[in-house]
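Going down the list, the protein sequences come from chains A and B.
Residue 1 is where the first sequence starts when you use the numbering used here, and the numbers rise one by one after that.
Residue 1001 is where the second sequence starts when you use the numbering used here, and the numbers rise one by one after that.
All C-beta atoms, glycine included, are put in the ideal place defined by N, C-alpha and C.
To start, the structure under review is shown below, and the notes come after it.
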Amino acid sequence: EAQVTQNPRYLITVTGKKLTVTCSQNMNHEYMSWYRQDPGLGLRQIYYSMNVEVTDKGDVPEGYKVSRKEKRNFPLILESPSPNQTSLYFCASSLSQGARGGAHTDTQYFGPGTRLTVL
Amino acid sequence: GDSVTQMEGPVTLSEEAFLTINCTYTATGYPSLFWYVQYPGEGLQLLLKATKADDKGSNKGFEATYRKETTSFHLEKGSVQVSDSAVYFCALSDRGGSYIPTFGRGTSLIVHP
């Protein structure tokens, strides 16, 4: 079954304790991204990756890191979490490499979400 | 830059009522337009899309037409069901832009029996 998986689904942690949220897709997609969803603000993109070893900042990258060592995985790293990073996080993937490949028509496939609480 | 504006929610309807959720956009290039739906406790999933002007996307009884002249992509359904209760997101992806997709803030739909 084609899917995007995220782990953990729920996480409660304390300020400053490093954490990683994993994301994996089995569709051989080139493009992957992370979003956070907050009430009244909708979805905001944190980081995205056009392909292996190619990552770039989205709209709200501060306090986050990512890596793309393999095509299927795109972990989100919070080196020193703070309470303002309490949010619902979604990983997403889509097929194409970029605008020249017609990527603007691509459907994004989302994971089930990770609810993070930082105390 | 690119932006998407959706009507504020929640939208509350009775079963079998007609639904319209307004969406307007600004874009620098030639965007594709999308509606995603998020059911409670789940991630977003594509509902429908249109990739060029005058295209109509449709799925599960929902429709939206890409109107370049009014920069709009309003979502409609003729007869809603309780199971349509969800949050609906309008989004665009712009060929001429950075390709970072832009989402609206979402509109919550509540359908009562």
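Member of B:E1008, B:Q1081 and B:F1034 whose CA lies at the smallest distance from the CA of B:F1103: Stepping through the second sequence from its first residue, residue 1103 of chain B is reached at position 103. Considering only alpha carbons, the answer is B:F1034.
For A:P112, the three-state DSSP class (helix, strand or coil): For the purposes of this step, residue 112 of chain A is taken as the residue at position 112 of the first sequence. Residue state, collapsed to three classes: coil.
Proximal chain A residues relative to B:E1063, where beta-carbon distance stays under 9 Å: As a working note, residue 1063 of chain B is residue 63 in the second sequence. The premise fails here: B:E1063 is roughly 17 Å from chain A at the closest Cβ pair, so nothing lies under 9 Å.
B:D1054, DSSP secondary structure in three states: What you label residue 1054 of chain B is simply residue 54 of the second sequence in a count that begins at 1. Here B:D1054 sits in coil by DSSP.
Residues bridged to A:L95 (per DSSP): If you number the first sequence from 1, residue 95 of chain A lands on position 95. DSSP output for A:L95 lists no bridge partner at all.
Whether B:S1079 touches B:V1111 by CB criterion (7 Å): Sequence index remark: in the second sequence, residue 1079 of chain B carries index 79 (1-based). Sequence index remark: in the second sequence, residue 1111 of chain B carries index 111 (1-based). Not in contact: B:S1079 and B:V1111 (Cβ atoms no closer than 7 Å).
Local conformation of A:T105 per DSSP, three classes: If you number the first sequence from 1, residue 105 of chain A lands on position 105. Here A:T105 sits in helix by DSSP.
The stretch 1001–1009 of chain B in contact with the stretch 1024–1044 of chain B per 3-pair CB rule at 8 Å: Taking one beta carbon from each stretch, the stretch 1001–1009 of chain B and the stretch 1024–1044 of chain B have 3 or more pairs nearer than 8 Å; the two touch.
Cβ neighbours of B:S1108 in the same chain (closer than 6 Å, five flanking residues each side left out): Residue mapping note: residue 1108 of chain B aligns to position 108 of the second sequence, counting from 1. Cβ neighbours of B:S1108 beyond the five flanking positions: G1009, P1010 and V1087.
Interfacial residues, the stretch 1040–1062 of chain B to chain A, with Cβ spacing under 7 Å: E1042, G1043, L1044, Q1045, L1046, K1049 and T1051
Beta-carbon neighbours of A:T107, restricted to chain B and to distances below 8 Å: For this step, residue 107 of chain A is matched to residue 107 along the first sequence. Residues of chain B passing the Cβ test: F1034, L1046 and K1049.
Three CB pairs or more closer than 8 Å across the stretch 70–80 of chain A and the stretch 16–32 of chain A: yes
Residues near B:G1097 in its chain [Cβ-Cβ closer than 6 Å; skip 5 each side]: Position 97 of the second sequence, counting from 1, holds the residue named residue 1097 of chain B. Low confidence applies here, because B:G1097 scores a pLDDT of 49, under 50, leaving its location unreliable; read the following figure in that light. Result list for B:G1097: D1002, T1028 and G1029, in chain order.
Straight-line gap, A:Y109 to A:R36 (C-alpha atoms, nearest Å): The residue you call residue 109 of chain A lines up with position 109 of the first sequence. The residue you call residue 36 of chain A lines up with position 36 of the first sequence. If you take the alpha carbons of A:Y109 and A:R36, they lie about 15 Å apart.
Spatial distance of A:P112 from A:K18 (CA atoms): Here residue 112 of chain A refers to the residue found at position 112 of the first sequence. Here residue 18 of chain A refers to the residue found at position 18 of the first sequence. Between A:P112 and A:K18, the C-alpha separation is close to 22 Å.
Under 8 Å from the C-beta of A:F90: neighbouring residues of chain B: Along the first sequence, one-based indexing puts residue 90 of chain A at 90. Counting only Cβ-Cβ distances below 8 Å, A:F90 has contacts in chain B at G1043 and L1044, in chain order.
Which of helix, strand or coil DSSP assigns to B:S1014: By 1-based counting over the second sequence, the position of residue 1014 of chain B is 14. If DSSP states are grouped into helix, strand and coil, B:S1014 belongs with the strands.
7 Å CB neighbourhood of B:A1017 in its chain, flanking five on each side removed: As a first step, residue 1017 of chain B must be located in the second sequence, where it is residue number 17. If we look at B:A1017 and ignore the five residues flanking it on each side, its Cβ neighbours are V1080.
Residues that B:R1105 contacts on chain A, provided the C-beta gap is smaller than 8 Å: Reading the second sequence from its first residue, position 105 is the one you call residue 1105 of chain B. Ordered by position in chain A, the residues that pass the 8 Å Cβ test against B:R1105 are G40, L41 and G42.
For B:C1090 and A:F90, the rounded distance between their alpha carbons: Residue 90 of chain A sits at position 90 when you count from the first residue of the first sequence. Residue 1090 of chain B sits at position 90 when you count from the first residue of the second sequence. The straight-line gap from Cα to Cα measures roughly 17 Å.
Where the beta strand (DSSP E) through A:K18 begins and ends: Here residue 18 of chain A refers to the residue found at position 18 when the first sequence is read from its first residue. Unbroken run through A:K18: none, as it is neither H nor E.
Proximity below 7 Å, CB of A:R44 to CB of A:T55: For this step, residue 44 of chain A is matched to residue 44 along the first sequence. For this step, residue 55 of chain A is matched to residue 55 along the first sequence. No, the pair does not count as a contact, with Cβ atoms beyond the cut-off.
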